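There are 2 protein chains.
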Amino acid sequence: MINRELIAPESIVIIGGSNNTQKPGGKIIRNLLEGKFPGKLYAVNPKETEVQGIPCFPDITSLPNTELAILAVPAAACPSIVEELASTRNTKAFIIISAGFGEETHEGFLLEQEILKTANKYEASLIGPNCIGLMNRHHRSVFTLPIPELDSRGVDLISSSGATAVYIMESAIGKGLRFNSVWSVGNAPQIGVEDVLEYLDRTYIPGESTPIKILYIENIKDPDRMLLHASSLIRKGCKIAAIKSGSSESGSRAASSHTGAMASSDLAVEALFRKAGIVRCFSREELTTVACVFNLKEIKGRNFAIVTHAGGPAVMLTDALSKGGMHVPELSGEAAQKLKEELYPGASVGNPIDILATGTPEHLEKAIDFCENTPEIDAIAVIFGSPGLVKVYDAYDVLHRKMEECSKPIFPVLPSVVTAGKEVEYFLNKGHVNFSDEVALATAVARVFNASKPTNGGIELYGVNVPEIRRIIDDIGENGYLPHNHVQSLFSAAGIPIVPEIVSSSKEELLKKARQLDFPLVAKVVGPVHKSDIGGVVLNIQSEEHLAFEFDRMMKLPEVTAIMVQPMLQGKELFVGAKYEPHFGHVILCGLGGIFVEILRDIASGLAPLSENEALSMIRSLRAYKMFRGVRGEAPIDEIQFAEIIVRLSTLLRFATEIKEMDINPLLATKKGIIAVDARIRIEKEAKNK
Amino acid sequence: MINRELIAPESIVIIGGSNNTQKPGGKIIRNLLEGKFPGKLYAVNPKETEVQGIPCFPDITSLPNTELAILAVPAAACPSIVEELASTRNTKAFIIISAGFGEETHEGFLLEQEILKTANKYEASLIGPNCIGLMNRHHRSVFTLPIPELDSRGVDLISSSGATAVYIMESAIGKGLRFNSVWSVGNAPQIGVEDVLEYLDRTYIPGESTPIKILYIENIKDPDRMLLHASSLIRKGCKIAAIKSGSSESGSRAASSHTGAMASSDLAVEALFRKAGIVRCFSREELTTVACVFNLKEIKGRNFAIVTHAGGPAVMLTDALSKGGMHVPELSGEAAQKLKEELYPGASVGNPIDILATGTPEHLEKAIDFCENTPEIDAIAVIFGSPGLVKVYDAYDVLHRKMEECSKPIFPVLPSVVTAGKEVEYFLNKGHVNFSDEVALATAVARVFNASKPTNGGIELYGVNVPEIRRIIDDIGENGYLPHNHVQSLFSAAGIPIVPEIVSSSKEELLKKARQLDFPLVAKVVGPVHKSDIGGVVLNIQSEEHLAFEFDRMMKLPEVTAIMVQPMLQGKELFVGAKYEPHFGHVILCGLGGIFVEILRDIASGLAPLSENEALSMIRSLRAYKMFRGVRGEAPIDEIQFAEIIVRLSTLLRFATEIKEMDINPLLATKKGIIAVDARIRIEKEAKNK
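Chains A and B supply the protein sequences, listed in that same order.
Residues 1 to 690, numbered by UniProt numbering, are exactly what the first sequence covers, in order.
Residues 1 to 690, numbered by UniProt numbering, are exactly what the second sequence covers, in order.
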């Protein structure tokens, strides 16, 4: 519940407001005053009548009506204050910065719940408790420093952790990154990361609202809502990058001890981010660097030109771009030759374009113009530092002008943050960002360029027979692994090819039906658990006679009730599996079978339901993707059919949420196409209340 | 040739010295003066009699004898100046910062060669041309900024590129990194990176000389010398990190060529760094972060404790350490419980140890003491920033004291570089470094910890029959691929197991000898090129009768002169290959065969000769190393035997440098051990001058 009173209040009271700016209740007033909050400011503090120049009241009774209240008092005092403010002062928004709630004790959790109930009752917004607050262009209701430059085209930052928000800003400021809003949601009993995203989505006005969002998340409480609003924002033109920490086993333990919440499985997070189109980052530096990339014009293709006045950094940048799948193509031809003649002797134009340490601002301009006018180039990186001889204001003026004029994105690498610190600041003050390390830029560029496109949210039915799937699932009485015949029926309803099988206790019937199958066949006894141990599995049956012989032999084995026959297939092993993750729904995994999955953990994940494009993006993100092209004389694997099977499976699961775990193993890529040989499907139905 | 006059001159003249500090010849004097150079300083400039307060002479004739000359005049003027100074002014060291030499034109290259000849003739040191100069604690003969803090325990930086040296210092200064010397070697006709390393090695005094070296290299001219001195320095206790740029070009070349030819120069660099024990970095940020890790006490094991006052960064640090193979073990027990009681309510001690945002310096101290006294912990990371309420000098005092007192390395993560900028500076001024980003720290720590140990340089003969190898190689008349029987003899001399084979045109002999072999056998015709096409290969021969039958049949095929018989083996494919790289010698590659090498490029490289430890380190660095343990019911692979084969091969190659390329393919890990089935060996002998 995010309302106008929270975003742009006309009056704010700080409960526990203080003259002591070393205390949160003092610092937050200082920040509000320095931010020139235009509305009315009050404090409540029994010991003062005025605090930092603003009126202070001894208690709430004497306080005028106030739209937003910030609480900086002990946890135990908060519930009654919220109740009193909401019921008597018409307060419609609360920011509780105090700690000592659910993150510490069960008693604290109960206090938090009480406050939540009150806020909901009065339809009031609630940020926190246990947070640094909220800051936007209307008010700086945070008790921390630094305060970054606030700008309507700046970044929206949403963070589960207050300190991390602070340190993300520390990492952002030197890069020139500006902020539109900073949300620290703390324990988030009411407003969490998903709610802020939803709010930003619902209020988004293309061309007017700022398009860049960065997130630090420790726990995804409502994946569906995050997916819905993140992908919606991205389809509207936004760019979102996020850290979801706790990706390692120890990290997830650390995260759960920090927030008290169980971390979600990392493959589920991967899958969600892929579907939403969120760029995943793993450190504050990466996150703020990616946000800087977001600040520039969009990169339309993989081809970079590098304009530099120093060779070394350009070589490292070339290496790093290549490693990230971007290209630094060699440039030549008439225009390149003409550029070379306009530069100093010794300059090179083959890309990287080295205008030399002595290169002038005019050289820089000509080199950039050349790149802008070379059709095969999609983006330009400019490396320009200073060895400290002369000031480089004029070069940075040229860079600034070119960034405005050119249609292609230009990435500034200004490494001399000490020696040319003033000039870099001058450049940043024109609204730019800076990448002081060329390799960090390349890594961020590759992350952004290689990120998935957001889903459109629809389900592709592909003719999957949903009523039939429901009928099969509803008929199943017991939880556990599905019997083999049910697996066959489900796959058939979903249109997933599966090796046909014949089961019979009549020799005549079995032989008759077997004539329809492609030899060689496999025969297995039905009944005994350990089939192989009693000689109940026979491979490579080449003839009807052989089958007849084996039928007679096998039916005499103990506990055997029938014989099952299947064609024996050969092919490349693939893997598709799925797991139901609470809150996320089904996470679908795919990869090449065997060691690729088991040893190399080369697995892509996606969230059901999946579109063909998403399934293809999963397949293509595999390290072993080259195997699909056919290697070492092996036939290629039909990635389109593989994608179709993944999509069909995801649709099946979407309508059969009782399936908690499954894998097709093996799924064989044969000469005639991809086909499932066997699958394990575990269902678990909720106990019905009658 | 690095002499005392270059390192610590008593007098310096700047040819082209100027009052204009925007010019190199002016700035270098400014830097020398600001560095309080204690010796005599002169300038030569026909237009001045005094320059920045130092005596200036119109020409060299009037100049007193001077030990070191810095040339900042056009390239064409340099050769005669060097000759005149060396011959008449007893000048024994030159730094030429001017450009316009070999890096630009052939004429420039000739000037450079002339200067080299002169310098060598007079036994004078020559740094440059085309460089920023040399700076150490005696003199700051560079024309660039920034000038970092110079300290006898600081880093020695050697760079191929002047601008990159400058930008490395830009990246280093904010981290608190200090320098002992900075060498920009430029075109390096005389003194290159290897020469500086050799000098640092020869003059190294343990306990006195600074132990940390960082390198930026674009071209390794003399790999042997780099290996010799880098590994020698590291064995003496030094730590070396290096960027070798240009990895992508060779990487793509490697990708396009086939397995046997895959040893690219980048794999050679990998191999050299592995053998020397150099930590490889790919960006300036990484290099300076690794240098900061070097600054701290050595990490003895993988177990980290994290002490923090903020949850989020600790979670990200835990994730990143885990990803790098380090551990953040859960801590519990009596001591942990006692610590918890001493911290504020809500603090956690399970590791990360979160002392809370309100945690005091005393809490910090207790938490660190707990980690120091917990035997399973090897290293401690402390995250302590500031939200801007109070100054954190006292916390940083505690941190400083603990870093001195504790036996375990403590890594400071102080993220508030803006808000607590002054406190961070205060901390750095005590001689410390800072890791402002926790994930960058983790990455650097993992790189350092996982780096190889340096070689001891010896050759392990393992009973390899060197005279026999030489006899075989010397007997070979023609360049090209070795005939099969020579491959067998070479492997036998090197003690590398290879599948035995029998070749005969006599049925009786063949059958007799075949009785010694393990059935099943493979038979192949000898003579025809395309054996398979004419039915000249038969697998799985189970009996003598079958072999006799096939002999009769095969001998009738066209062009067949004899029949070759081998046991038919089954096993896991391994790969070992080697390529002779000019300057480097033999680069040995190993991996699991098939797709691991061809698709996943999962290859480790090492420089011949290899010790068993080096070979094991190669094997263990493979992504697929787990396969050696035995997976999916497969037998494990004997890594010790695999390492032995790699060592034997490397020894063989060391004594047969005529082998330019080879691969054992396949090398099979069978139930009875690892054995080569076939190998391609290409030799190329130099034409002999008679």
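Virtual Cβ for every residue (Gly too), placed ideally from N, Cα, C.
All values reported here derive from a predicted model rather than from experimental measurement.
Interface partners of residue i on chain B, CB under 9 Å
i: Gly-346/A; result: Ala-99, Gly-100, Glu-103, Glu-104, Thr-105, Gly-108
Exposed unless 16 or more other CB atoms sit within 10 angstroms - verdict on residue i
i: Gly-591/B; result: buried
i: Phe-384/B; result: buried
i: Ala-291/B; result: buried
i: Gly-301/B; result: exposed
i: His-258/B; result: Confidence in His-258/B is poor, its pLDDT being 28 and thus under 50, which makes the residue's placement too unreliable to answer from.
i: Lys-92/A; result: buried
i: Lys-402/A; result: buried
i: His-106/A; result: exposed
i: Ala-379/A; result: buried
Local conformation of residue i per DSSP, three classes
i: Cys-56/A; result: strand
i: His-258/B; result: Bear in mind that a pLDDT of 28 at His-258/B, under 50, signals an unreliable position, so the model cannot answer this.
i: Lys-572/B; result: strand
i: Asn-180/A; result: strand
i: Met-627/B; result: helix
i: Cys-131/A; result: coil
i: Ala-608/B; result: coil
i: Leu-109/A; result: According to the sequence displayed, residue 109/A carries Phe and not Leu. Looking at Phe-109/A - three-state DSSP - the assignment turns out to be helix.
i: Tyr-462/B; result: coil
i: Ser-18/B; result: coil
i: Tyr-122/A; result: coil
i: Ala-635/A; result: coil
i: Glu-48/A; result: coil
i: Pro-79/A; result: helix
i: Ser-161/A; result: coil
i: Val-448/A; result: helix
i: Asn-540/A; result: strand
CA-to-CA distance, residue j to residue i, given in whole angstroms
i: Arg-30/B; j: Glu-438/B; result: 38 Å
i: Glu-67/B; j: Lys-36/B; result: 17 Å
i: Asn-219/B; j: Ala-230/B; result: 16 Å
i: His-520/B; j: Glu-478/B; result: Residue identity check: residue 520/B is Pro in the sequence provided, not His. For Pro-520/B and Glu-478/B, the distance between alpha carbons rounds to 36 Å.
i: Asp-678/B; j: Arg-682/A; result: 48 Å
i: Tyr-199/A; j: Leu-6/A; result: 12 Å
i: Pro-352/A; j: Gln-488/A; result: 58 Å
i: His-486/B; j: Gly-630/B; result: 34 Å
Nearest-angstrom Cβ-Cβ length linking residue i and residue j, presumed shorter than 8 Å
i: Arg-140/B; j: Ile-132/B; result: Their Cβ separation, rounded to whole angstroms, is 11 Å, which puts Arg-140/B and Ile-132/B out of contact at 8 Å.
i: Pro-9/A; j: Gly-39/A; result: 6 Å
i: Ser-18/A; j: Val-51/A; result: 6 Å
i: Gly-606/B; j: Ala-451/B; result: Not really, about 14 Å apart at Cβ, beyond 8 Å.
i: Ser-159/B; j: Ser-184/B; result: 5 Å
i: Ala-446/B; j: Met-326/B; result: 6 Å
Contacts that residue i makes with chain B (C-beta to C-beta distance below 8 Å)
i: Glu-249/A; result: Ser-322
i: Lys-626/A; result: Ile-599
i: Leu-227/A; result: Ordered by position in chain B, no residue passes the 8 Å Cβ test against Leu-227/A, which lies about 22 Å from the chain.
i: Arg-140/A; result: In chain order: nothing, as chain B lies at least about 12 Å away.
i: Val-439/A; result: Phe-282, Ser-283, Arg-284, Glu-285, Glu-286
Amino acids of chain A, ordered along the chain, whose beta-carbon sits closer than 8 Å to that of residue i
i: Lys-23/B; result: Leu-389
i: Pro-313/B; result: Ala-163, Thr-164, Tyr-167, Arg-284
Closer than 7 Å at the beta carbon, the chain A residues around residue i
i: Leu-145/B; result: Pro-387, Gly-388, Thr-419
Chain-ordered chain A contacts of residue i [CB-CB under 9 Å]
i: Glu-330/B; result: Ser-250, Arg-253
When you check each C-beta in the segment 210-221 of chain A against every C-beta of chain E, which residues fall closer than 7 Å? You won't find chain E in this structure, because its protein chains are A and B.
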